[in-house]
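These notes concern the structure reproduced below.
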Amino acid sequence: MKATILNIRNLIFRILILILLFQFTRFFFFISNTDIFSYLSLSELLKIFFAGFLFDLSAIAYIEGIIFLFQIIPGNFKYNKIYSEAIKIFYILLNTLLLLSNLADAKYFEFSKKRSTYFIFEMLGFGNKNNDFLDLLPTYLADFWYVFLISGIFALVLYFGYFDTRKSSFFNKNNIEKYKFKTFIIELSFSLFFILLVILSARGGFKLKPISPIDAASFITNKEVPLILNTPFTIIKTMGKVKLDKKTYFTDNEIKKLSLNIKNYKKTEDFKKMNVVIIILESFSKEYVGSLNNQTGYTPFLDSLIKKSKCFSNAFANGTQSVQALPAVLAGVPSLMENPF
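Note that the sequence shown covers residues 300 to 640 in this note's numbering.
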């Protein structure tokens with residue numbers, strides 16, 4: 300019974316250490332880019348760190364949930380030396396890499412101005428024959444040696460802060476031999492409760508949709524979004540995203556034959572100074588525009604403009620959310636994949 304309680308306490312302590320280390324990497328991100336975020340006040344920084352906790356917890360739940368569950372599921376086997384040591388080593392190595400990604404992104408942000416996504420692996424050449432990542436690694440080590448040094452310190456913190464239940468003074472072989480049904484019920488109850496917490500943490504609370512990188516903008520302005528997010532979270536959320544495939548419908552010679560790309564602008568008449576104005580309305584349908592709905596609507600000024608303009612009454616949506624409006628309207632790219640352009 301004592302071993303079970305101690306094991307649960309140690310698990311909670313490991314989660315707290317991870318949260319603190321994630322927050323430290325956010326502080327490193329801020330320090331590394333003070334020229335961009337120097338205008339932030341102390342209250343704004345505290346708000347960002349508090350909001351960042353939500354995304355850190357989500358990333359930890361997504362990645363660490365199974366590992367932590369293996370440490371608390373009912374049964375004596377989790378106190379086996381080989382089993383516990385294997386999980387400990389995997390826990391330290393995995394989290395060192397996660398924290399390293401946060402630290403490395405703090406420096407890469409100087410060039411990209413955004414958090415890295417899953418596509419960083421393609422950029423590095425993983426899975427390609429011409430992978431030059433290993434060739435560039437010595438240069439990275441020389442230029443950003445302190446990033447790897449901090450990661451090494453993190454690894455030591457994870458190692459010494461692990462607090463293996465087997466090495467506690469409360470633990471002995473008799474705990475394994477006296478494993479009772481009551482202990483099983485307690486561990487099972489905590490495991491089920493822990494699974495629920497992991498699901499809620501991964502989703503970001505009681506929401507209809509799990510939190511995504513775009514939700515960070517609800518806490519602060521868009522400029523500070525990279526500071527709220529963490530790299531493991533953005534990588535997880537962009538895994539499996541469908542990319543736009545290159546479509547080749549015509550050859551270059553066919554395009555030259557079909558397109559009238561030669562134009563003559565030598566005209567004698569005076570140039571007409573005419574403007575093209577694009578008006579984009581939020582959440583408007585034809586039923587709200589009087590000129591497009593038998594004069595029943597709420598847009599008298601727009602109706603007056605339509606009478607003096609060229610109006611196209613039929614349109615096709617190329618975006619499904621407000622944030623997609625500008626590229627959908629201005630880029631004019633048709634929906635060629637499941638995700639909007």
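Using N, Cα and C, we set each Cβ at its ideal position, and we do this for glycine too.
A distance below 7 Å separates the beta carbons of D355 and N529.
In terms of Cβ geometry, V588 and T595 do not form a close pair [threshold 7 Å].
Spanning the alpha carbons of T333 and L604 requires a straight line of approximately 47 Å.
The Cβ atoms of R502 and P509 sit closer than 7 Å to each other.
For P626, the enclosing alpha helix (DSSP H) covers residues A624 to A630. The three-state secondary structure of F389, taken from DSSP, is helix. Taking the C-beta atoms as reference points, A405 is found no nearer than 7 Å to S450.
Per DSSP, D514 lies in no alpha helix (DSSP H) and is assigned neither H nor E.
DSSP places F349 in the helix class (H, G or I) of the three-state scheme. A358 sits close to F532, with the two beta carbons spaced by under 7 Å.
Assignment of F462 by DSSP, reduced to helix, strand and coil, places it in the coil class. As the crow flies, the alpha-carbon of I554 is around 14 Å from that of K546. Between the alpha carbons of L396 and F327 lies a distance of about 16 Å. With fewer than 16 other CB atoms across the displayed protein chains lying within 10 angstroms of its CB, A385 is exposed. It is roughly 14 Å from the alpha-carbon of G374 to the alpha-carbon of L491. Looking at D544, L557, F408 and L591, the one whose alpha-carbon comes closest to that of K609 is L591.
By the C-beta density criterion, R414 is buried, having at least 16 other C-beta atoms within 10 angstroms. If you draw a 10 Å sphere on the C-beta of A403, you find 16 or more other C-beta atoms in it, and that means buried. In terms of Cβ geometry, T537 and Y417 form a close pair [threshold 7 Å]. Taken through DSSP and simplified to helix, strand or coil, L339 comes out as coil. Note that the C-beta distance between L341 and I391 is not below 7 Å. Straight-line spacing of the CA atoms in P626 and S517 works out to 21 Å.
Taking C-alpha positions only, V446 is separated from P437 by approximately 13 Å.
S488 and A630 have their alpha carbons spaced roughly 54 Å apart. Rounded to whole angstroms, V524 and F349 show a C-alpha spacing of 13 Å. With a cutoff of 7 Å on beta-carbon distance, L526 and I318 are scored as not near each other.
Each residue's CA atom was taken as its position, placing N394 and A454 some 8 Å apart. Taking F410 as reference, the option from I335, K606, V628 and I498 with the minimal CA-CA separation is I335. In the three-state scheme derived from DSSP, where H, G and I count as helix and E and B as strand, P373 is classed as coil. For I366, same chain residues with a beta-carbon under 8 Å away, outside a window of 5 residues either side, are I386, F389, Y390 and L393 in chain order.
If you compare the alpha carbons of F321, S400 and T303 with that of L353, the shortest gap goes to F321. Between the alpha carbons of I577 and S584 lies a gap of roughly 16 Å. Between the alpha carbons of N379 and G504 lies a distance of about 35 Å.
In terms of Cβ geometry, F462 and N309 form a close pair [threshold 7 Å]. By the CB criterion at 7 Å, I534 and T303 fall outside the cutoff.
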